[in-house]
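Only one structure is covered here, and it is reproduced in the block below.
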Amino acid sequence: MPPFLAGSCARQRSLLMTSTPLVTRFAPSPSGHLHLGNARTALLSYLAARKTGGRFILRVEDTDESRSNDVFMQSLFDNLRWLGLDWDEGPDVGGPQAPYRQQQRRAIYEGWLAKLDAAGLTYPCYCSPAELSLSRKRQLAAGKPPRYAGTCRELNAAQQADRVARGLPAALRFRVPTAQTVSFDDVVHGSQSFATDDIGDFIIRRTDGSTAFFFSNAIDDALMGVTLVLRGDDHLTNTPRQLLILQALQLPAPRYAHVALLIGMDGAKLSKREGAMSLGDLRALGYLPGAVRNHLVRLGHSCVTDGWLDDAAMLADFDLARLGRAAARFDEAQLLHWQKEAVAHLSDEAFRDWIAEHLPSGLTGSQLATFAAAVRPNIVFPRDAMQWVAVVFGEPTALAPEAADAIKEAGADFFASAVQVFERGLDFRQTVREIGQATLRKGPGLYMPLRAAITGETHGPELAPLLTLIPAAEITARLSRAQQLASA
RNA sequence: GCUCCCAUCGUCUAGAGGCCUAGGACACAGCCCUCUCAAGGCUGGUACGAGGGUUCGAAUCCCUCUGGGAGCGCCA
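Just so you know, we're using this note's numbering here: the first sequence kicks off at 586 and counts up by one.
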């Protein structure tokens, strides 16, 4: 390890950032939809690579065929791209180390498995799942760590032949060395060391012939030239296992950055209720990708900038040295804030496209532009446009109770005057001024009844632009209706 | 149970022994602006989990405890 990579303090982590192009990867298993926690890991990995001019790899870890499927894989690609990430190598774009789906890399794994075997570091294990779980339970009950008991570790050739003859399927285990210490320097946690005696022999190939995570994941990182593995904290204590394999095979070990997990507001795992918080769900709710990015990049990573970060600014602001160690809670209130920012930062065209599905067809360009500009500050999600579409382009909706109150407060005479002035077809400012003169009202007392009568609400976008879009006859009709209500 | 990780406002966080009377952002409350809401501006309340050390001085370093989390899977 180059000396400048040693140690773990922030300054050195900064050095790591600026001096070397990093090769990072995101390695999801396609066994479910992309969750927020994973999305954050992907984002951070992506930023680390892009920031240093390195490469970002997408590798699909689908060795467990029963849990993986192509629908989830496609959904993963979609959601990642929606988030704004792109990758230099991956199942769908190829690359020098193709294939990038682990199911398709079995031949590669077999080669490395053979090397491990030749070194005497593997052995077949004939224990059944039932036996293993029983053994685990017993150990737990006895207050001991539930590790593999080593039942098959020292089987001789005859004993092995016997199991084979009995038709017992064999998994392959890695022979963990005794009395050693595995050390590494974590980018976020600093130096770590683990005793191999605390690690039980673990399975690297299942009875069905597929390789297990500890093995294939480590091998692929090495083979694909990954130099920084940025992943969840939950892998921290798994790391020595992977280091042991890499060591045994004389493969280069990456640097590891274990970021704290994302948890829910209740402090518990981000999953059950937040199962509604997969990227796809957020997207369906109408959240903008930039909002999600801005929120995620500040979870477990502190930004120098408090405000909105566009793509370039986010890249500039990102720094491995500012990755945090403590678990972060997902707080939807903060996401909502970034959503508002995201809406504000949309271009006019993008904003119109965003709410397009709720807009009536056949609007002129200028109607569209006026409407969008007027309504934008009041919209957080596309569906929020519906209310104002109804007010402006549709039939009057039911009066909100506060609106009815405001109308009654103003009185029938107010609306009688208002109708008269409106019928003269003056521009908005002039109209309001004259209504004010005629009714001796001003300020809120003048605008509120008009707003209430015309929009049915006591709050909403600026009145003037809205009124230019509503047919004059419709406006006077609504005012007359208000007049009736007020005199009733 | 064993091993490991973590601990600053309600939330995200700044903080690498004196710049800390603990800063910012979100949220909340109030005021201003304003035709309303939103936006914007200003103001306010709220935090170093506890106890011991080390030191002239600790949010910061050490120890213990407490609380949370992860791993110990033929899941990844």
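Glycine included, each C-beta is placed from N, C-alpha and C at the ideal position. Everything numeric in this text was worked out from a predicted model, so none of it was measured.
Taking only three categories from DSSP, how would you classify residue i?
| i | result |
| --- | --- |
| S795 | coil |
| S718 | helix |
| I788 | strand |
| I642 | strand |
| A709 | The sequence as given places Pro at residue 709; Ala does not occur at that position. Correct three-state label for P709: strand. |
| Q1068 | helix |
| L1052 | helix |
| A911 | coil |
| S801 | helix |
| A853 | coil |
| Y1032 | helix |
| A842 | strand |
| V608 | strand |
| P676 | coil |
| L828 | helix |
| H886 | strand |
| R751 | coil |
| L836 | coil |
| I848 | strand |
| R686 | strand |
| D783 | helix |
| I992 | helix |
| A727 | coil |
| P945 | coil |
Spatial neighbours of residue i within its chain, please: CB distance less than 8 Å, with the 5 preceding and 5 following residues excluded, ordered by chain position.
| i | result |
| --- | --- |
| I992 | L984, F1000, P1034, A1037, A1038, A1067, L1070 and A1071 |
| F936 | V928, A957 and R961 |
| I789 | L698, L701, T707, L757, R758, F759, T796, A797, F799, F800 and I830 |
| P684 | P676 and R690 |
Assuming residue i is part of the alpha helix (DSSP H), what are its boundary residues?
| i | result |
| --- | --- |
| P874 | P874 to L881 |
| L900 | D896 to D902 |
| F999 | A997 to F1007 |
| T1024 | F1013 to T1024 |
| Y631 | L621 to K636 |
| Y694 | R691 to A703 |
| F662 | D655 to L668 |
| G865 | L864 to L870 |
| W893 | Here W893 belongs to no alpha helix (DSSP H), and DSSP marks it neither H nor E. |
| E917 | E917 to A929 |
| I964 | First-last for I964: undefined, no H or E at that position. |
| D938 | D933 to I940 |
| M971 | A970 to F978 |
Return the residue from the list the options that minimises the CA-CA distance to residue i.
| i | options | result |
| --- | --- | --- |
| R791 | F662, I642 and P709 | P709 |
| D805 | L834, I784, D783 and G817 | L834 |
| K700 | A988, F800 and E1047 | F800 |
| D663 | D902, F779, D747 and H618 | H618 |
| M809 | Q827, L829, L864 and P837 | P837 |
| R758 | A746, C737 and A764 | C737 |
| R1063 | K1027, F1013, C712 and V977 | V977 |
| A927 | P945, R878, A906 and A764 | R878 |
| L706 | K722, G675 and Q832 | Q832 |
| I940 | A988, L870 and L813 | L870 |
| R1009 | I1060, D782, L1051 and D904 | I1060 |
| D933 | A954, G950, V772 and V811 | A954 |
| D782 | G1030, T763, H774 and I693 | T763 |
| K854 | D818, L717 and N823 | D818 |
May I ask which residues mark the beginning and end of the beta strand (DSSP E) holding residue i?
| i | result |
| --- | --- |
| V814 | L813 to G817 |
| D771 | T766 to D771 |
| G950 | Segment G950 to V960 is the alpha helix (DSSP H) holding G950; no beta strand (DSSP E) there. |
| G775 | G775 to A780 |
| A756 | A756 to F759 |
Skipping 5 residues on each side, what residues in its chain have a beta carbon closer than 7 Å to that of residue i?
| i | result |
| --- | --- |
| S630 | T609, R610, F611, F641 and L815 |
| S1002 | I1020, A1023 and T1024 |
Please confirm whether residue i and residue j have their CB atoms less than 8 Å apart.
| i | j | result |
| --- | --- | --- |
| Y872 | F769 | no |
| V767 | F779 | yes |
| L670 | F915 | no |
| A970 | H930 | no |
| L668 | L628 | yes |
| P1046 | V974 | no |
| A786 | Y711 | Residue identity check: residue 786 is Asp in the sequence provided, not Ala. Not in contact: D786 and Y711 (Cβ atoms no closer than 8 Å). |
| L908 | H880 | no |
| D655 | Q688 | no |
| L607 | G639 | yes |
| S653 | P615 | yes |
| Q919 | V965 | no |
Take residue i and list the residues in its own chain whose beta-carbon comes closer than 6 Å to its own, dropping the five residues that flank it on each side.
| i | result |
| --- | --- |
| A912 | A845, L846 and I848 |
| E859 | Reliability of the predicted coordinates at E859 is poor, the pLDDT of 49 falling under 50, and the value obtained from them is presented with this limitation in mind. Same-chain partners within the cutoff: G849. |
| A898 | none |
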